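Numbering (my numbering), first residue to last: 310 to 497.
Even for Gly, the Cβ is constructed at its ideal location relative to N, Cα and C.
Everything numeric in this text was worked out from a predicted model, so none of it was measured.
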């Protein structure tokens with residue numbers, strides 16, 4: 310009798326944990342869902358519908374490191390830090406993929422990187438105690454451009470507003486950095 314009661318308790322718990330352990334990314338174009346396998350970090354796919362990309366063209370952390378070494382990144386880096394078993398991370402990923410305006414903005418203005426911090430070792434200054442987390446990094450140095458990451462489940466409109474503000478600040482910084490230095494004309 311004890312074994313039967315245990316099976317009634319354990320089986321539903323196993324099913325629930327399996328649902329949260331293997332998040333899926335829905336196809337925006339109405340096709341099949343693509344599983345994100347939690348056993349290793351997989352870059353979430355973007356989808357194509359005709360000649361239009363739907364979703365963010367995420368790159369891996371390994372690609373980021375290689376491109377930083379080559380100095381081939383010309384826009385701020387958006388680092389999406391997640392955990393492989395985090396239901397909020399997979400929901401945030403689905404929301405970003407479904408929001409075409411946000412996805413287009415990220416693809417145009419940021420070098421998007423997706424990483425699961427429980428699968429890859431990150432520098433200590435990029436560890437997120439609350440996930441999902443979004444770090445914005447300087448493309449020249451790879452250093453964080455904001456004092457703290459944007460963390461937690463963010464509505465897509467708030468994430469878009471945050472990214473627009475960071476991008477505007479970065480553009481202003483570039484303009485100021487590239488201004489010629491004019492020395493005052495001092496008459497003696």
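- request: Have a look at residue 284 and residue 477 and give me their C-alpha separation to the nearest angstrom.
  value: The requested residue 284 is not part of the displayed model; the chain covers only 310 to 497.
- prompt: By how many angstroms is the C-alpha of residue 400 removed from the C-alpha of residue 342?
  reply: The predicted position of residue 342 is uncertain, since its pLDDT is 34 and thus under 50; no value can be drawn from it.
message: I need the DSSP call for residue 419, collapsed to helix, strand or coil.
response: coil
task: Run the CB neighbour count on residue 344, radius 10 Å, all protein chains shown included, and call it buried at 16 or more, exposed below.
output: For residue 344, the predicted model reports a pLDDT of 33, less than 50, meaning its position is unreliable; a value from the coordinates is still stated below. Exposed, because fewer than 16 other Cβ atoms sit within 10 Å of the Cβ of residue 344.
- request: For residue 383, count neighbouring C-beta atoms within 10 Å of its own C-beta (all shown protein chains included) and say buried if the count is 16 or more, exposed if not.
  value: exposed
- prompt: Which stretch, first to last residue, makes up the beta strand (DSSP E) that contains residue 442?
  reply: 442-446
message: Could you check whether residue 454 and residue 441 sit closer than 8 Å to each other, using their CB atoms as the reference points?
response: no
- prompt: With a CB to CB cut of under 7 Å and the five nearest residues on each side skipped, what residues in its chain are close to residue 427?
  reply: 392 and 393
query: Which of helix, strand or coil does DSSP assign to residue 371?
result: helix
- prompt: Beta carbon of residue 363, beta carbon of residue 446: below 8 Å?
  reply: no
- request: Quick one: grab the DSSP three-state call for residue 414.
  value: helix
message: Based on DSSP bridge pairs, tell me the residues matched to residue 460.
response: 442
message: Please return the same chain residues whose Cβ sits closer than 7 Å to the Cβ of residue 425, not counting the five positions on each side in sequence.
response: 350, 391, 392 and 393
message: Using the three-state DSSP reduction, which class does residue 429 fall into: helix, strand or coil?
response: coil
query: Any idea which residues DSSP pairs residue 391 with across the strands?
result: 425
query: Tell me which same chain residues have a C-beta within less than 8 Å of the C-beta of residue 312, skipping the five on either side of it?
result: Annotation note: pLDDT 48 at residue 312 (below 50); position unreliable, coordinate value reported separately. If we look at residue 312 and ignore the five residues flanking it on each side, it has no Cβ neighbours.
task: Could you have a look at residue 405 and say whether DSSP puts it in helix, strand or coil?
output: helix
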